[in-house]
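Engineer: Dropping a structure here in structure tokens format, bear with me for questions.
2 protein chains.
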Amino acid sequence: MSETAVTAGRPIGVAVLGMGNVGAEVVRILTENAADIQARVGAPVVLRGVAVRDLSKTRPGIDPALLTADPATLIARKDVDLVVELIGGIDPPRALILEALETGKSVITANKALMAAHAGELSQAAGANAVDLYFEAAVAGAIPVIRPLTQSLAGDSVNRVAGIVNGTTNYILSEMAETGADYDEVLAEAGRLGYAEADPTADVEGYDAAAKAAILASIAFHTRVTADDVYREGISAITPADLEAAAKFDCTIKLLAICERLTDDGTQRISARVYPALIPLEHPLATVNGAFNAVVVESENAGRLMFYGQGAGGAPTAAAVMGDLVMAARNRVFRGRGPLESTYASLPIATIDDVQTRYYVSLKVADRPGVLAQIAGEFAKNGVSIAAMRQEGAGDEARLIIVTHRASDQAQSETVAALEELDAVTKVSSVLRLEGTND
Amino acid sequence: MSETAVTAGRPIGVAVLGMGNVGAEVVRILTENAADIQARVGAPVVLRGVAVRDLSKTRPGIDPALLTADPATLIARKDVDLVVELIGGIDPPRALILEALETGKSVITANKALMAAHAGELSQAAGANAVDLYFEAAVAGAIPVIRPLTQSLAGDSVNRVAGIVNGTTNYILSEMAETGADYDEVLAEAGRLGYAEADPTADVEGYDAAAKAAILASIAFHTRVTADDVYREGISAITPADLEAAAKFDCTIKLLAICERLTDDGTQRISARVYPALIPLEHPLATVNGAFNAVVVESENAGRLMFYGQGAGGAPTAAAVMGDLVMAARNRVFRGRGPLESTYASLPIATIDDVQTRYYVSLKVADRPGVLAQIAGEFAKNGVSIAAMRQEGAGDEARLIIVTHRASDQAQSETVAALEELDAVTKVSSVLRLEGTND
Chain A
1 MSETAVTAGR
11 PIGVAVLGMG
21 NVGAEVVRIL
31 TENAADIQAR
41 VGAPVVLRGV
51 AVRDLSKTRP
61 GIDPALLTAD
71 PATLIARKDV
81 DLVVELIGGI
91 DPPRALILEA
101 LETGKSVITA
111 NKALMAAHAG
121 ELSQAAGANA
131 VDLYFEAAVA
141 GAIPVIRPLT
151 QSLAGDSVNR
161 VAGIVNGTTN
171 YILSEMAETG
181 ADYDEVLAEA
191 GRLGYAEADP
201 TADVEGYDAA
211 AKAAILASIA
221 FHTRVTADDV
231 YREGISAITP
241 ADLEAAAKFD
251 CTIKLLAICE
261 RLTDDGTQRI
271 SARVYPALIP
281 LEHPLATVNG
291 AFNAVVVESE
301 NAGRLMFYGQ
311 GAGGAPTAAA
321 VMGDLVMAAR
331 NRVFRGRGPL
341 ESTYASLPIA
351 TIDDVQTRYY
361 VSLKVADRPG
371 VLAQIAGEFA
381 KNGVSIAAMR
391 QEGAGDEARL
401 IIVTHRASDQ
411 AQSETVAALE
421 ELDAVTKVSS
431 VLRLEGTND
Chain B
1 MSETAVTAGR
11 PIGVAVLGMG
21 NVGAEVVRIL
31 TENAADIQAR
41 VGAPVVLRGV
51 AVRDLSKTRP
61 GIDPALLTAD
71 PATLIARKDV
81 DLVVELIGGI
91 DPPRALILEA
101 LETGKSVITA
111 NKALMAAHAG
121 ELSQAAGANA
131 VDLYFEAAVA
141 GAIPVIRPLT
151 QSLAGDSVNR
161 VAGIVNGTTN
171 YILSEMAETG
181 ADYDEVLAEA
191 GRLGYAEADP
201 TADVEGYDAA
211 AKAAILASIA
221 FHTRVTADDV
231 YREGISAITP
241 ADLEAAAKFD
251 CTIKLLAICE
261 RLTDDGTQRI
271 SARVYPALIP
281 LEHPLATVNG
291 AFNAVVVESE
301 NAGRLMFYGQ
311 GAGGAPTAAA
321 VMGDLVMAAR
331 NRVFRGRGPL
341 ESTYASLPIA
351 TIDDVQTRYY
361 VSLKVADRPG
371 VLAQIAGEFA
381 KNGVSIAAMR
391 QEGAGDEARL
401 IIVTHRASDQ
411 AQSETVAALE
421 ELDAVTKVSS
431 VLRLEGTND
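Okay, here's the thing in structure tokens:
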């Protein structure tokens, strides 16, 4: 940097908590890029220690003297300025991060569950101690999303953030769409390839995406949104038949995290929700396949922006951590501070009942005259307008696919309940939402 | 913000220089979003005045008392903390910005020509006076690119930045590809629609993109790169026949700005270049159409990232200015400072002769036996390997399209010179590069 660093020379000490995939990559980059990092920060950035659970494990690429099983003592060291938390989960990270912030250390974390639950408490501690709390790596891996939302769009008004923010589910849905294989088969394959964890619940049931949606909604709308505020459905009920039917409507199915400012009735409310939805093939998120992530932001003046890249993995996630780390280190040298939680808007949170979307409904039906009219009648009775209808197969295999115009969750639920009562309807196979169209 | 602002309460004064499309939008947003901006900054942000060239012009939406024809006096006001420069061009902005920086004001500019020529001088003045110099709006309009490169990727090593950063040329090439109309026709239409200026030279000859390439290369590689260092070709020679031929090779043609770290011979050099190139239809930049911009960044650990959005226009560009403005205002309140020019790497700049690319060559040829062998022979003599060859038309209309493997600019130039000497070659119609393939 061409500027003169105020305290150039004094090294910035770093403690890393946790040495899984991401932690190992952070340690590697910190070592390999030391000269570049020093030039960019204006002072050397030095690894003081790494807290691990199992000291006996062999860890190539790191001096064993740097390892400790006691994170609290590492954090407390006078020569530690920055703490990088990569343990994951709520406890013990929550207490460790609070301890770090309260003793004047800046914190960088990739912990989405923690940020989605306790951002308020942690941010308050950071503010009270005039230190940084950065968490770019908590959402969408390597893709810069937090900094663009909190800084680049700081003068604008965001209306909507919609993204594919979970690589496991996106890999599964992409594979199902491409191969026609069913959910269980592809999930098993994803596990073998390391794209799904032994217990895949957090990913496939949308908990991971919901935590990210809470973080995105909080920063986009300057309102505290926690994971509990996020409506959530997973992908385990999606069938190859749904993907086939979607394709016939020129759509594909993606697990979306949607954060939206609702202004329908003149008052503003925030909706944050995660569910699998049909999106048109020409939508920018439709071509985001495999383990990739993408986030589309719609903002009052900037218009529509898209951010695309690798949403997971050791090196990509470490790259996001390192960006935060260099900026936090630089703030130590130049006495700056990044933005913290901003909740001044405090908008009310909408429930799923406040959200109107289009629907896709797949029914097994009796193949006889009058059935179609009867089914259409049930939609009409509940005020749900049908946009398209298509019959697949015949006889015992007859299926009816219906795509509706916008309707409330309640109107759709009542329609489905009524359809289930009809003799002509053997089964309501699927009810999914349709997003990303203008009507 | 939940933190306590150090000097919360004292208003931050803003001077805007220039009130064209972008200036008018900045003034509007500053007024309309005043409450949100105050909450995000931690202090009120107040417009102190707008410098315009023509005081007699009617300007709706602004208090005439705020207008002045004397930018220097406006900048010098004690209650001005931030100066937003939207005049454009090198002079007078250069002197005005220097004056602002040297008197302790932070500067936000959208001026790509100035930043591509004088970033060093301006950044030094900002550093010496401990103020900010932000220029997100100078590249790719609303799309956050500068902040992601300088901050989000601050801990990583960027290898390549390739983008569509000029909306005028992208509109023209998209329209030519879609309609088959020729260059002059589409340029005239672009002028009527307001997508091209009365004198379109800066856009169509690639000067605008070259300035942006210089800025991107500087920040990506921590090396001073000016517009003069950028190799540049425009789009005025592109024909409908080129776009048709490109389509037959499953490609389209885009004006690309490419900034690349060359490491071929063991030493590192920086290449920055702008030219129209064929790219495969499945490349992420191939589907960026009309006035949209997109930038693809390839980074050591983050991998491939893409940023997409509106690259021009009053409101989108103003959104980028406003993000910088809010961050600069916040830095006043919290005593922070953003990164400035970083040139510690000071890598040598490569010439176009150092760059190997694939080529597309279109020839008008005599339609007789032996011609193909003769032409292929000239490529072989110069060590240029042919990847694909295709004959179009017959008789007097016979054309030969050749796509090569990687070759140097010199080998390609010598091949073309030799082809021009052949009786069998009536004309070398086009020579274009092919980018975005792995071989």
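Residue numbers (full-length UniProt numbering), protein chains in the order written: chain A, 1 to 439; chain B, 1 to 439. Every residue, glycine too, gets a C-beta built ideally from N, C-alpha and C. Keep in mind the model is a prediction, meaning the values are calculated, not measured.
From this set, A:Ala291, A:Thr31, A:Thr223, A:Gly89, which residue's C-alpha is nearest Gly61 (chain A)'s C-alpha?
Structural biologist: What you label residue 61 (chain A) is simply residue 61 of the first sequence in a count that begins at 1. When only C-alpha atoms are compared, the closest one is A:Thr31.
Engineer: With DSSP run on the structure shown, which of helix, strand or coil describes Ala387 (chain B)?
Structural biologist: Stepping through the second sequence from its first residue, residue 387 (chain B) is reached at position 387. When DSSP states are grouped into helix, strand and coil, Ala387 (chain B) belongs to the strand group.
Engineer: Assuming Ala246 (chain A) contacts Val230 (chain A) (C-beta within less than 8 Å), just tell me the rounded distance between them.
Structural biologist: For the purposes of this step, residue 246 (chain A) is taken as residue 246 along the first sequence, with counting starting at 1. For the purposes of this step, residue 230 (chain A) is taken as residue 230 along the first sequence, with counting starting at 1. The Cβ separation is near 24 Å, so there is no contact.
Engineer: So is Glu102 (chain B) buried or exposed if we call it buried at 16+ other beta carbons inside 10 Å?
Structural biologist: Translated into positions along the second sequence, residue 102 (chain B) becomes position 102. The residue in question, Glu102 (chain B), is exposed, as its Cβ has fewer than 16 Cβ neighbours within 10 Å.
Engineer: Using a Cβ-Cβ cut-off of less than 7 Å, list which residues of the region 290 to 318 of chain B approach chain A; keep chain order.
Structural biologist: Ser299, Asn301, Ala302, Gly303, Arg304, Leu305, Met306, Phe307, Tyr308, Gly309, Gln310, Ala315, Pro316, Ala318
Engineer: Output, in sequence order along the chain, the residues in the region 330 to 348 of chain A whose CB is closer than 9 Å to any CB in chain B.
Structural biologist: Result list: Arg330, Asn331, Phe334, Arg335, Gly336, Arg337, Gly338, Pro339, Leu340, Glu341, Ser342, Thr343, Tyr344, Ala345.
Engineer: For the candidate residues B:Pro44, B:Asn21, B:Gly20, whose alpha-carbon lies nearest to that of Ala328 (chain B)?
Structural biologist: Residue numbering aside, residue 328 (chain B) sits at position 328 when the second sequence is read from its first letter. Of the candidates B:Pro44, B:Asn21, B:Gly20, the one whose C-alpha sits nearest the C-alpha of Ala328 (chain B) is B:Pro44.
Engineer: Along the chain, where does the beta strand (DSSP E) that runs through Arg249 (chain B) open and close?
Structural biologist: Counting from 1 along the second sequence, the entry for residue 249 (chain B) is found at position 249. The amino acid at residue 249 (chain B) is misidentified as Arg; the sequence shows Phe. Phe249 (chain B) -> no beta strand (DSSP E), and no H or E assigned at all.
Engineer: Once you ignore the five residues that flank Val204 (chain B) on each side, which residues in its own chain have a CB closer than 8 Å to its CB?
Structural biologist: In the second sequence, residue 204 (chain B) corresponds to position 204, counting from 1. Thr168, Thr169, Ile172, Leu187, Ala196, Gly234, Ile235, Ser236, listed in sequence order.
Engineer: Please say whether Val41 (chain B) and Ala15 (chain B) have beta carbons closer to each other than 9 Å?
Structural biologist: Reading the second sequence from its first residue, position 15 is the one you call residue 15 (chain B). Reading the second sequence from its first residue, position 41 is the one you call residue 41 (chain B). The answer is no: Cβ separation not under 9 Å.
Engineer: When you compare the region 151 to 158 of chain B with the region 19 to 39 of chain A, are there three or more beta-carbon pairs, one atom per stretch, that lie closer than 8 Å?
Structural biologist: yes
Engineer: Report the residue ranges of all beta strand (DSSP E) runs contained in full by the region 54 to 131 of chain B; include only those spanning at least 3 residues, in chain order.
Structural biologist: 82 to 85, 106 to 109
Engineer: On the criterion of 16 or more Cβ atoms from any shown chain inside 10 Å, does residue 468 (chain B) qualify as buried, or is it exposed?
Structural biologist: Residue 468 (chain B) lies beyond the stretch modelled for chain B, which goes from 1 to 439, so this question has no answer here.
Engineer: Just to confirm, is the Cβ distance from residue 444 (chain A) to Thr426 (chain A) under 9 Å?
Structural biologist: Chain A is shown only over 1 to 439; residue 444 (chain A) falls outside these bounds and no answer can be derived.
Engineer: In whole angstroms, what is the alpha-carbon distance linking Tyr207 (chain B) and Glu244 (chain A)?
Structural biologist: Along the second sequence, one-based indexing puts residue 207 (chain B) at 207. Along the first sequence, one-based indexing puts residue 244 (chain A) at 244. Taking the straight line joining both Cα atoms gives about 48 Å.
Engineer: Please classify Ile12 (chain B) as buried or exposed, where buried requires at least 16 neighbouring CB atoms within 10 angstroms.
Structural biologist: To locate residue 12 (chain B), count along the second sequence from 1; it is residue 12. The residue is buried, with at least 16 neighbouring Cβ atoms inside 10 Å.
Engineer: Which residues, in order along the region 150 to 176 of chain B, keep a beta-carbon less than 7 Å from a beta-carbon of chain A?
Structural biologist: Under the 7 Å Cβ criterion, the region 150 to 176 of chain B contributes Gln151, Ser152, Leu153, Ala154, Gly155, Asp156, Ser157.
Engineer: If distances are taken between C-alpha atoms only, which option among A:Ala211, A:Asn289, A:Glu378, A:Ser385 comes closest to residue 448 (chain A)?
Structural biologist: It is not possible to answer for residue 448 (chain A), since the shown part of chain A is limited to 1 through 439.
Engineer: If I'm right that Asn293 (chain A) touches Gly309 (chain A) with Cβ under 8 Å, what's the distance once you round it to whole angstroms?
Structural biologist: Translated into positions along the first sequence, residue 293 (chain A) becomes position 293. Translated into positions along the first sequence, residue 309 (chain A) becomes position 309. About 7 Å; that satisfies the 8 Å criterion.
Engineer: DSSP three-state call for Leu419 (chain B): helix, strand or coil?
Structural biologist: Counted from its first residue, the second sequence places residue 419 (chain B) at position 419. Note: Leu419 (chain B) maps to helix in three-state DSSP.
Engineer: Per DSSP, Asn293 (chain A) is paired with what?
Structural biologist: For the purposes of this step, residue 293 (chain A) is taken as residue 293 along the first sequence, with counting starting at 1. BP columns for Asn293 (chain A) point to A:Gly309.
Engineer: Does DSSP classify Leu193 (chain B) as helix, strand or coil?
Structural biologist: Position 193 of the second sequence holds residue 193 (chain B). Here Leu193 (chain B) sits in coil by DSSP.
Engineer: Judging by CA-CA distance, which residue of A:Gly194, A:His118, A:Ala117, A:Leu340 is the nearest neighbour of Arg147 (chain A)?
Structural biologist: Residue numbering aside, residue 147 (chain A) sits at position 147 when the first sequence is read from its first letter. Nearest of A:Gly194, A:His118, A:Ala117, A:Leu340 to Arg147 (chain A), Cα basis: A:Leu340.
Engineer: Output yes if chain E places a C-beta closer than 9 Å to the C-beta of Asp36 (chain A); else output no.
Structural biologist: The chain labelled as chain E is not found among the protein chains of the depicted structure, namely A and B.
Engineer: Hey, is Leu325 (chain B)'s beta-carbon within less than 9 Å of any beta-carbon in chain A?
Structural biologist: As a position in the second sequence, residue 325 (chain B) is number 325, starting the count at 1. Closer than 9 Å: yes.
Engineer: Return the first residue and the last residue of the alpha helix (DSSP H) that Tyr171 (chain A) is part of.
Structural biologist: Here residue 171 (chain A) refers to the residue found at position 171 of the first sequence. 167 to 179 is the span of the alpha helix (DSSP H), which, as asked, contains Tyr171 (chain A).
Engineer: State buried or exposed for Pro144 (chain B), treating a residue as buried only when at least 16 other CB atoms are found within 10 Å of its CB.
Structural biologist: Here residue 144 (chain B) refers to the residue found at position 144 of the second sequence. Burial check for Pro144 (chain B): the Cβ neighbour count within 10 Å reaches 16 or more, so the residue is buried.
Engineer: Does the count of Cβ pairs from the region 348 to 360 of chain B and the region 423 to 438 of chain B closer than 8 Å reach three?
Structural biologist: With a cut-off of 8 Å, the region 423 to 438 of chain B and the region 348 to 360 of chain B count as touching, because enough Cβ pairs lie within range.
Engineer: How many Å lie between Ile401 (chain B) and Leu114 (chain B) at the Cα?
Structural biologist: In the second sequence, counting from the first residue as 1, residue 401 (chain B) sits at position 401. In the second sequence, counting from the first residue as 1, residue 114 (chain B) sits at position 114. Their Cα atoms are separated by approximately 41 Å.
Engineer: Can the beta-carbon of Thr317 (chain B) be found closer than 9 Å to that of Ala116 (chain B)?
Structural biologist: The count along the second sequence starts at 1 and reaches residue 317 (chain B) at position 317. The count along the second sequence starts at 1 and reaches residue 116 (chain B) at position 116. No. Outside cutoff.
Engineer: What's the call for Leu193 (chain A), buried or exposed, on a 16-neighbour Cβ count within 10 Å?
Structural biologist: Numbered from its first residue, the first sequence carries residue 193 (chain A) at position 193. Answer is exposed; the Cβ neighbour count stays below 16.
Engineer: Taking all protein chains shown into account, decide if Glu397 (chain A) is buried (16 or more other Cβ within 10 angstroms of its Cβ) or exposed.
Structural biologist: Start at 1 with the first residue of the first sequence, and residue 397 (chain A) comes out as number 397. Looking at its Cβ environment, which holds fewer than 16 other Cβ atoms inside 10 Å, Glu397 (chain A) is exposed.
Engineer: I'd like to know if the region 346 to 356 of chain A and the region 377 to 385 of chain A are in contact, where contact means that at least 3 CB-CB pairs between them fall below 8 Å.
Structural biologist: no
Engineer: Kindly list, in the order they appear in chain A, the residues whose Cβ is closer than 8 Å to that of Met322 (chain B).
Structural biologist: In the second sequence, counting from the first residue as 1, residue 322 (chain B) sits at position 322. Within chain A, the residues near Met322 (chain B) are Ala154, Gly155, Asp156, Asn301.
Engineer: Strictly under 9 Å for the Cβ-Cβ distance: is Ala142 (chain A) near chain B by that measure?
Structural biologist: The residue you call residue 142 (chain A) lines up with position 142 of the first sequence. Answer yes: the Cβ-Cβ gap between Ala142 (chain A) and chain B drops below 9 Å somewhere.
Engineer: Could you work out which residues of chain A lie near Asn382 (chain B), taking near to mean beta carbons separated by less than 8 Å?
Structural biologist: Position 382 of the second sequence, counted from the first residue, corresponds to residue 382 (chain B). Within chain A, no residue has its beta carbon less than 8 Å from that of Asn382 (chain B); the closest one is some 39 Å off.
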